[in-house]
Amino acid sequence: METLLPRHLDEALAATAAHPEATILAGGTDLMVAVAYQALRPAVVIGIRRVPELQEWDGRFIGAGVTYSRLERGPFAALAQAARTVGSPQIRSAGTIGGNLGTASPAGDSLPFLAALDAEVLLRSQAAERALRWDEFITGPKRTALQPGELIVGARLPEAIPDRQAFAKIGTRTAMVIAIVSCCVLRWDDGTTRVALGSVGPTTVRPRAAETMISTERRPSSAALDEFARLVSAEVSPINDHRSTAAYRRHASGVLARRLLERVL
Amino acid sequence: MTITKTPTVVAGGVGTSPIRPDGIPKVRGEFAYSSDLEVDGMLWGSTVRSPHARARIVSIDVAPALAIRGVAAALTIADVGGRGLFGLIEPDQPVLADGEVRFWGEPVAVVAADDRETARIAATAVVVHYEPLDPLTDPERAEELGETFRVLDITRGDPDARGEVVVEGYYEVGMQDQAQLGTESGLAIPDGSGGVDLHVSTQWLHVDHEQVVASLGLPPEQLRLHLAGIGGAFGAREDISLQIHLCLLALRTGRPVKMVYDRAESFVGHVHRHPARMWFRHEADRDGILRRVEARILLDGGAFASTSPAVLANAAYFAVGPYASESVTVHAAAARTNNPPCGAMRGFGAVQSCFGYEAQMDRLAAALGIDPVELRLRNALDREDRIATTGQVIVGSLPTRRVIEALRALPLPDEAPGDDPRRLPGGTGLTTSRAAVMRGVGFAVGIKNLAFSEAFDDFTEVRAELTADGIRIHTAAAEVGQGLVTVIQQIARTATGISNVEVVWDHTGEIGSAGSTSASRQTQMTGGATLRACEAVAAVALARADAESLDDEGAWRDDQLVMTLADLVAAGPIEHLERFRHPPTTPPDEHGNGDVHAGYAVAAHRAIVDVDPELGLVHVVRVDTAQDVGRVLNPQAVIGQIEGGIMQGVGLAIMEEIVIDRGVMKNASFTDYLLPTFLDAPDMTAVLIEEPDHWGPFGAKGVGEPPTISSTAAVVAAIRNATGRDLNRAPVRPEDIVGL
Amino acid sequence: MIRLTINGVPHVVDPMGPESLLTTLRDRLGLFGSKNACEQGECGSCSVLLDGRLVCSCLVMAVDADGAAVTTVEGIADGETLHRVQEAMVNAGGVQCGFCTPGIVVAASHLLATTPSPTETDIREALAGNICRCTGYGAIVRALEPLAAES
């Protein structure tokens, strides 16, 4: 196995250009599980945690190498809360937002926040740079538009981020759990509301009809909240698996979205 | 038999909580577990396992594995001499699959190679052609087909007895994993003359020895089993896992072989708690006295027998719980299916039936309009009563009423849940505000037999030795983490007055069996043997010195040191080999009646839960308990067993279940098989009820299992109380509470 | 070949392929204190400090630790003198089978060194990634709470 540990972004991009099929190693929290249990034996590994450009967090740009521990202490309450629910302190000190994007699990905890903001994912190769909206980048469960030779540089958030934001996650124990349902709700002063849910579809789900309906409600009545929850439940597309049932996830999606909305009203 | 005596005062003796002798090495990371052993030139072993729940093996080709550089052996059932079969109760499981695989994960071949990575690659290189067969995974269908490990029918009293109030219920318990943190591991070292030394973490060295020599056709003296450091057990190490494979590989290659299962392999590498389907019908008078109990209990034993016959017996014998009833009919069966094999886990059958009978007691109380705790008191068993199923008279202590009353007397906490969301349902997920929470309280009582039953020749050997340095206790009893090593020291100190006590683990060639570290038995059995052996040694020493007492300096008379320990043993070693047996038990008669048990313990649990009914999430706030412990030998260790056991019961109540789909495990990892964390742990208060038993040392009873028997039932009762829902299945899932 | 400073002692070691730091510590350096209970970051028994950060060594690719300072459970005591977490764990009955203990010692000593006066719930949340199957956690919390009050 060849290992490259670049110390600058240029060096990292040169490495990915030279080894377009290389395995990119960030925090290792997903990759090393594959090494241990799926016999992943990469020929070339590029470890990127020493790249300072990826550690940057400058206003609306969050570098791919920013760990969950840093996100936990950051300015965005919903993202901080999402980060806090990722694994244990041991996981959060290693795992990164770039890794969460690259793994593209439907349960990725930072993804609902990024999806609710329609954040862009910045990708670079030695030859080019491009920005894809989150739903252009994540193309399916554990599938992305990342091309060989490209690195995830970070996520770019829009300028307008409301203070009223909330995230919550359902699991069957009180910490250290993969989401059965996760949800992020953002609400702007003009009523515009964005909702994103994890673990209830092949990728993060944006229940557009629910968003549209509730965005016009400046002071939603109880009936409007019920309708909002009903629409959220109708728009998710969960499955049955060993963690939960589709029926429960559908139900809980509406309940959780409604509760979070009430918290930010 | 009288072995109860007033403890003498000695530092670190019975009744105190001295620090464990292995405590400091453990906190320093210096304690050697079986997975930490290594020896020069050793190979690593790896196992080829079935990807099918049931299939015919068309062919196995090990040549591609052997062609890999560094691979020393690749073996199949064709390479196994001897019986080729193992099993704790009946030898029905092939050492490696023989013609057909019967469960997902069954070992098919084993390989050994120069390093772990090569061994793993070699295992994947073995080519096995399977012809998949339809697996039998429904235990009810299996029983219909007569595919059972044991059927036990119990009848007692007048089958036509009737009560005025009748409640019926159907209940299920899921498959729980022991999830001992140390996975299966061991090291086999050939001795160069056809024999082998196996260092392994196990609950019962000698029964492993028996099974390895029989299955491989070895002369018994050619195999020595040594106890290696054990990272928890809880039943998972009662059966053979890699013991035979390691010896087979070591003998074949002539080199030491080490194996360590990873967590995924551990899930299929040991047996689990039996899933249960149970139906009960309770009939009572208007005043709540049970007149008749009927039960049907079906356990899914999986593909091989393991301890299913004994687990089934417990489930059946305790179908009524710690309550009296003059008329009982129980039909219980352990089915043979193509699901993963099930066997021992803490509580051993008593957990499953308790979940059913305690739910029934609550239903009965509701139907009668009687307080549920009061209903239990009215039916509670005590010394000299008869066990409802077997009719056995309880000759030891069984303070059921005292236990219930002591628990009832504990104050309930504040009504209101706190504000910290981390201690509310949903925890750090912040799903739930205080306003969304409903609180519930549940009460349950459980009974468990102590030590082995049904005429099993249950014994323990201990050799006590007086040396110039103090007392040395030789034993083969497995210290799995519970603190037996400390209790042995304490008993030896109290029995002799000598505080310097060393516990020496002898291998199977040096001492007889200590029996299993299971069935809550070692404090009573190895503890009992230690007491007798030490008393015998002390008696010889005192006679030799014509003295009255002993301590670390020597023998004393009239406050004068009359002989030092060195002088005492200069005249020849003083030692005593004790083989200790508990009072005999009988097999059941044709009605399932008889004196099948050696003793009992009872415990009660009261759970307080906060439930978010809309999302179906639960936080267990408190589980308080009162437990019948006979006599407390080590308060800290007893509390440790109680808190740890309750936590496992809470896990079964709300999160722990191996999910099986057509014989295939869907969650064989710690990512998906959820264990309670620090943040899931309820607060606990324990009241220890000391009513000395008839045969444990100083009247002590085993304490390991009672904490798990009724804690699950209490938590689920509390969730029922909070939600008003008829939850008939453990673990309770969010969708069950929501009603989806 | 990579360079690691483990418990203050420099080592040069050659990990095989993508093996974890845990494997390197155990199988190549003979440091068996860090435990291998799940090898996927779910139990915390392999916890170490990597350049001062608390991580699961099973999730660190050893080659990516090149140049790092690693503290394992073997480096927590000061010679023969136990760290106060170690002493409290033994005295309070926080150790049973002990397989989780090294990870808890590393994580708890890190917590107390980095967090002023954590509450009981803070301790529970901070250690939620350290699974113990024996104790039900009560004795461990009883061991740590008095230390937290002092810190």
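Residue numbers (this note's numbering), protein chains in the order written: chain Y, 1 to 265; chain X, 1001 to 1740; chain P, 2001 to 2151. For glycine and all other residues, C-beta sits at the position ideal for the given N, C-alpha and C.
Taking CB atoms only, X/V1108 has no neighbour in chain Y less than 8 Å away. Contact annotation for X/Q1490 against chain P: no contact, minimum CB-CB distance about 14 Å [criterion: below 9 Å].
In this structure, X/S1710 sits near X/A1604, with a CB-CB distance shorter than 8 Å. For P/A2126, the neighbours in chain Y by C-beta distance under 7 Å run, in chain order, P89. The beta carbons of Y/G99 and Y/A15 sit no closer together than 8 Å.
Contact note: P/C2056 does not reach chain X at a C-beta cutoff of 7 Å; the least C-beta distance is about 12 Å. Per the coordinates, the alpha-carbon of X/G1254 lies some 10 Å from the alpha-carbon of X/G1195. Taking the C-beta atoms as reference points, X/G1512 is found nearer than 8 Å to X/E1461. Distance from the Cα of Y/V181 is smallest, within the candidate group Y/S237, Y/L132, Y/R143, Y/A224, for Y/S237. Scanning chain Y for C-beta atoms nearer than 8 Å to the C-beta of P/S2047 yields Q90, reported in chain order.
Taking a C-beta distance under 8 Å as the contact criterion, Y/L79 and Y/I46 do not qualify as a contact pair. For the pair X/A1730 and X/F1355, the CB atoms are nearer than the 8 Å cut-off. Using beta-carbon distances, Y/A127 does not count as an interface residue toward chain P, since no partner is under 8 Å. With respect to the 8 Å criterion, X/A1032 and X/L1075 are not classified as neighbours on the basis of their beta carbons. Against chain Y, the beta carbon of X/V1738 has neighbours under 7 Å at Y248, H251, listed in chain order.
At a cut-off of 8 Å between C-beta atoms, X/E1100 does not count as an interface residue with respect to chain P. At least one CB of chain Y lies nearer than 8 Å to the CB of P/P2018. Less than 8 Å divides the Cβ of Y/R230 from the Cβ of Y/G254. With respect to chain Y, the C-beta atom of X/G1429 has a partner C-beta closer than 8 Å. For X/F1304, the closest C-alpha among the options X/A1316, X/G1481, X/A1344, X/E1283 is that of X/A1344. Counting the other Cβ atoms within 10 Å of the Cβ of X/V1503 gives 16 or more, which makes it buried. Per DSSP, the unbroken beta strand (DSSP E) holding X/M1438 starts and ends at 1438 to 1449.
Residues of chain Y with a Cβ closer than 7 Å to the Cβ of P/D2066 are, in chain order, L5. The segment 1413 to 1427 of chain X and the segment 1313 to 1324 of chain X do not touch, with fewer than three beta-carbon pairs separated by less than 8 Å. In this structure X/R1156 touches X/H1591 by the C-beta definition: roughly 7 Å separates them, less than 8 Å. Under the Cβ criterion (8 Å, minimum of three pairs), the segment 196 to 214 of chain Y does not count as touching the segment 1009 to 1017 of chain X. DSSP places Y/I180 outside both helix and strand once states are collapsed to three, so it counts as coil.
Contact annotation for P/M2089 against chain X: V1027 [CB-CB distance below 7 Å, chain order]. The beta carbons of X/V1602 and X/D1624 sit no closer together than 8 Å.
By the neighbour-count criterion, in which 16 or more other beta carbons inside 10 Å mark a residue as buried, P/V2070 falls on the buried side. Chain-ordered, the chain P residues with CB closer than 8 Å to the CB of X/E1030 read G2033, E2074. When secondary structure is reduced to three states using DSSP, X/T1428 falls in the helix class.
With a threshold of 16 other beta carbon atoms within 10 Å, X/E1131 falls short and is exposed. Spanning the alpha carbons of X/D1262 and X/P1275 requires a straight line of approximately 24 Å. S1669, F1670, T1671, L1675, T1677, F1678, L1679: these are the residues of the segment 1658 to 1680 of chain X whose beta carbon lies less than 7 Å from some beta carbon of chain P, given in chain order.
Interface annotation for the segment 57 to 80 of chain Y against chain P: empty, criterion Cβ-Cβ distance under 7 Å.
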